[in-house]
Ligand code: HEA
Ligand code: HEA
Ligand code: CUA
Ligand SMILES: [Cu+2]
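Protein chains in written order, with our numbering: chain S, 1 to 346; chain V, 347 to 907; chain P, 908 to 1116.
Here's what the structure looks like:
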């Protein structure tokens, strides 16, 4: 190799590195990061973006270069050089990816550990057997309360979801909320205050623990701005523990296909100041004293879809007409809770 | 029972009669045991289904052009989505891989046919009924639980459709197990005596890996489906929490098959690319053994990474770490291939016919899918993007940008061999350009959608995502339009294409030594290996006239004799 | 024609590649036996899937099997003995054939078929006396599906044996040199046998621990 080509290689190498590093930090693809965990995940993602950009430029560059440089000239019927391989080169391109993925694994492991994924007590996996004795999952309010009890944590070993990070291991989160997913809504129960609500309020900069479960089918609790997600599995408990860092309200999205209106299973998460949070709690407590039967739409089977979806319609940008349309089509099919009850029991 | 000698004699007699025979078009609609007929049957069937799957995709994309469910109801949308995924995977890409395997393996190794020709035909003839059965579910309410059919949802929605889906998949699964048996034994036992396993074309190596995967993983899908069927039809509760079952076990069993299935879908096309690139770049494949063994490594690793689809479901933390590391490791053997291919065309003399364009397009698009795959393997990041459009983008880059572009590369490469006619290059190039642009326009923006917060499998979404979605929809129309030049080209070339001759690409693998299309018994006499499969550029001796091939053959034979 | 899976003409054509293969032939399994073996590998994965699912239930589900469900061991124990010994009986049949003794083959295969039928009968009897139904609970479902799926295999194996028996009535169909059907049926039967032993340990013995 002569010197000029080494210099070009060097220049290309530096340029690729610089571009990758720059793009890895400035891709702007992620939404706001509103929790401590989000910062960690974004750091990992930026690293992976840097590596991916580098590899992308390198390989696409090689392809484009070959495509231009090594075209067969007109009337050239000869073959290319008979090169069958180059062992040192092959070792290099085996070893480099191996090292990269090793580093990525370790980095991910670290991030996951900080996020609390390896907390052995993350969750007390509670198996569904008790449900077996539960003859009917009736939807009137009393029975729902019973089924909530049936989902109470018991002593299991499997850790599901994100638990305490090593820093806070063994401590209780400052706020615990029980989350129940059902077609097609999230229901939040605050054990300390007995508030039951359709949206989630938490206090900024204080660790929250969500205990997730589901009533009918699989759902997944996703907070895009917090970069966390966990399936809610009927008959099992999983948990998510995180610390919000930014005031505001954020979407809560169901990420696991759960039926026709899976796409409409959206609600809001409010990250409040302690004062606002307290005010909200008061409001809720008053409301539940006033008219207890309206505390929560725990009774979707008796609601039509449009009634049921109305609270979410605004956020989804669904106008009333669409809702009517939904109502119409859904009634013919009926994948509602009522069908679940009648069809899945022997 | 006839004696051995009699048997042989009668066989030779029939062989003689057969030699005189010509393939008639009717043969393609019968239970024919010729592997070439079966290969084409697979190919055409799979393409027919691809149009159905594509039409479903186009409908879905039209619905997704607006954030509201205005074209179809969300329920119908879920049916379209489920059927799209199922058809594309089980009725297009997997059978198309089997098509190439059937057509090429015996030719490439110099055999007369597959090891078990009748079994081969049986395997094929399970496919059309299975496909029609699946489509028939539209009349009773198509399944709507996604191609993954996770219980409990799959147990309570569209039960009749779901039952049909299970039956259909059981049939397809059985068919691919029988196919895999055949490929494996044919390659191991029926190579021409002079061909060692290290002289097999790389397509065969990739099929070895694919068949092994198919044999070991497909049966587990069958057991998952059997249990699911009992839950659905008989009312047991293996996977139903009401009754004490565990839905997560289904996920494990399903992905134990379906992760390897993604390699069943890509490995044959890795093989195709390893054939296409050296021929059109006129250069030996770079690192034959590395590429051959990396297929094996991929297939082994592919068996132990399934739970990376379940990082947010019921997998314990430490297990997630194991599956993460194992998944990432797959980047190493795949990288060996990608770099090997780049090095193959580097310094070659590349002719840009359609096949080569698709070949290079394959590397370019698959690379993107592979890189996002490694990102997905990182648990903390996957927790964010699981079940979002980021995954949809990944899966289409590897499946469309990978498998399908590879499929087209192979199609254009072997079209002359299969039909005896050349394709129209202009139409072919138009097909490539439209496909490649359409692919990137449709699926590149989906990465951003997923990262920003759009979940998959939804008919209605947050209006903030509409702009990007319109891009995707426009791209899908471009893709739909791209199928026009393709269809026209195929129909035109079948009738009007110039005669191909036996070896239009001057390729060295055995299938090019026989006539195009090959005679019924493949080779008029036992083929002779007169070169390694990728010995391009040994001497710049040009083998452009057919005569010379013949002469060369005679020479080698004289030497050998 | 010994089996349905293969086109004789093609095999012969194959030998035409390698003329000396005909000499190699006797005693060696040609690749039809390999085919059967490969198929059985795939089939064993089906069972593996079911077994692992059973094991996971066994580990994670509290009360598995639930109270009140107890499996009778005597009858299945006898059944196990019958099935296991039938494998040896069957092997005697093949050995007989190796000495060109076709009537020996018929005798031993006949006994095997009888034993297989006894096994199936025993299983049906057991089904009708378990006292629990398919959908009663998870353990019951596992029990029926696992043993039933195995029973299906036993029935197929029985079918194969009867097929071989029928074929052996034709003069000169099986001989010392040509016995693919015999070997295939035997291999399949051994496979079914081994699967049963695993199944017996899992379903009948494990819950006792
Ligand atoms: C042809 C099909 C195919 C192929 C080949 C792949 C290849 C890979 N896939 Fe993909 N995948 C799918 C089809 C496929 N996938 C489908 C259909 C789904 C969704 C299923 C569903 O839920 O519906 C999915 C989903 C999926 C997930 C789950 C996402 C989720 O649901 O949350 C994950 C996670 O780990 C993953 C990872 C990978 C990896 C690591 C590879 C690797 O094999 C990629 C390896 C390739 C490269 C890495 C590029 C080349 C390498 C180099 C240039 C070397 C240097 C590179 C590095 C050092 C990074 N895939
Ligand atoms: C090989 C596999 C493959 C291929 C090739 C494709 C091709 C395409 N796919 Fe698909 N896709 C999957 C496999 C594949 N897909 C899988 C596995 C899923 C997941 C399913 C699930 O979640 O369960 C999925 C999901 C999926 C989604 C997400 C659905 C959701 O989550 O809500 C979307 C959305 O845009 C999409 C779009 C497309 C588009 C636009 C194409 C285009 O490339 C298609 C272009 C082709 C055409 C448009 C055909 C053109 C021909 C005609 C139009 C002629 C019509 C002729 C007649 C009617 C006779 N696909
Ligand atoms: Cu709940 Cu999707
Ligand atoms: Cu996978």
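Don't be surprised by glycine CBs; every beta carbon is placed ideally from N, CA and C.
Item	Value
Got a sec: does ligand 5 put a non-hydrogen atom nearer than 7 Å to the Cβ of residue 732 of chain V?	You won't find ligand 5 in this model; what it holds is ligand 1, ligand 2, ligand 3 and ligand 4.
Can you determine whether any heavy atom of ligand 3 sits closer than 7 Å to the C-beta of residue 421 of chain V, and answer yes or no?	no
Are at least three pairs of beta-carbons, each pair with one atom in the region 734-745 of chain V and one in the region 717-725 of chain V, less than 8 Å apart?	yes
I'd like to check one pair, residue 617 of chain V with residue 552 of chain V: are the Cβ atoms closer than 8 Å?	yes
Classify residue 161 of chain S as helix, strand or coil using the three-state DSSP reduction.	strand
Determine the closest residue to residue 1012 of chain P out of P:1006, P:1019, P:1000, with distance taken between C-alpha atoms.	P:1000
Which runs of the beta strand (DSSP E) at least 3 residues long sit entirely within the region 511-565 of chain V? Give them in chain order.	none
May I ask you to report which of helix, strand or coil DSSP gives residue 400 of chain V?	helix
Which of helix, strand or coil does DSSP assign to residue 238 of chain S?	strand
Which residues does DSSP pair with residue 197 of chain S in a beta bridge?	S:188
Quick one: does the C-beta of residue 677 of chain V sit closer than 7 Å to a heavy atom of ligand 1?	yes
Measuring alpha carbon to alpha carbon, tell me which of V:598, V:766, V:776 ends up nearest residue 860 of chain V.	V:766
Out of P:971, P:1006, P:947, P:946, state which residue places its alpha-carbon closest to the alpha-carbon of residue 1109 of chain P.	P:971
Is the region 574-590 of chain V touching the region 617-637 of chain V in the sense that three or more CB pairs, one from each, lie closer than 8 Å?	no
Against chain S, which members of the region 400-415 of chain V pass a CB distance test of less than 8 Å?	413, 414, 415
Is it buried or exposed, residue 544 of chain V, if we count other Cβ atoms within 10 angstroms and call 16 or more buried?	exposed
So is residue 610 of chain V buried or exposed if we call it buried at 16+ other beta carbons inside 10 Å?	buried
Under 9 Å Cβ-Cβ, which residues of chain V neighbour residue 66 of chain S?	627, 688, 691, 692, 693, 694, 696, 706
Among V:697, V:822, V:829, which residue has its Cα nearest to the Cα of residue 79 of chain S?	V:697
How big is the Cα-Cα spacing for residue 15 of chain S and residue 22 of chain S?	10 Å
Roughly how far, in whole angstroms, is the beta-carbon of residue 557 of chain V from the beta-carbon of residue 526 of chain V, given that I think they are within contact range, below 8 Å?	4 Å
Please confirm whether residue 958 of chain V and residue 453 of chain V have their CB atoms less than 8 Å apart.	Since the first residue shown for chain V is 347 and the last is 907, residue 958 of chain V is missing from the structure and cannot be characterised.
Could you check if residue 1036 of chain P is buried or exposed, using at least 16 other CB atoms within 10 Å of its CB as the buried criterion?	exposed
Does DSSP classify residue 229 of chain S as helix, strand or coil?	strand
Restricting to Cα atoms, I'd like to know which of V:682, V:650, V:820, V:758 is closest to residue 639 of chain V.	V:682
Assuming residue 55 of chain S and residue 108 of chain S make a contact with CB atoms under 8 Å, what is their CB distance in whole Å?	The Cβ separation is near 18 Å, so there is no contact.
Hey, would you say the C-beta of residue 181 of chain S is under 7 Å away from at least one heavy atom of ligand 3?	yes
For residue 768 of chain V, which residues in the same chain have their Cβ closer than 6 Å to its Cβ, ignoring the five residues on either side in sequence?	762, 843, 844, 846
Please compile the residues from chain P whose C-beta is within a distance smaller than 7 Å of the C-beta of residue 582 of chain V.	1041, 1042, 1048
Taking residue 840 of chain V as the reference, give the member of V:826, V:863, V:828, V:822 with the closest Cα.	V:863
Count the other CB atoms within 10 Å of the CB of residue 813 of chain V; is the residue buried (16 or more) or exposed (fewer)?	exposed
If distances are taken between C-alpha atoms only, which option among V:563, V:815, V:487, V:686 comes closest to residue 792 of chain V?	V:815
Between residue 539 of chain V and the rest of its own chain, which residues show a CB-CB distance below 7 Å, the 5 nearest in sequence each way excluded?	none
Here's the rule I'm using: 16 or more other beta-carbon atoms within 10 Å means buried, otherwise exposed. How should residue 1118 of chain P be labelled?	In the structure displayed, chain P extends from 908 to 1116; residue 1118 of chain P sits before or after that span and is not available.
Return the residues of the region 1090-1105 of chain P that lie within a Cβ-Cβ distance of less than 7 Å from chain V, sorted by chain order.	none
Got a sec: which bits of the region 637-671 of chain V sit with their beta carbon under 9 Å from any beta carbon on chain P, in order along the chain?	none
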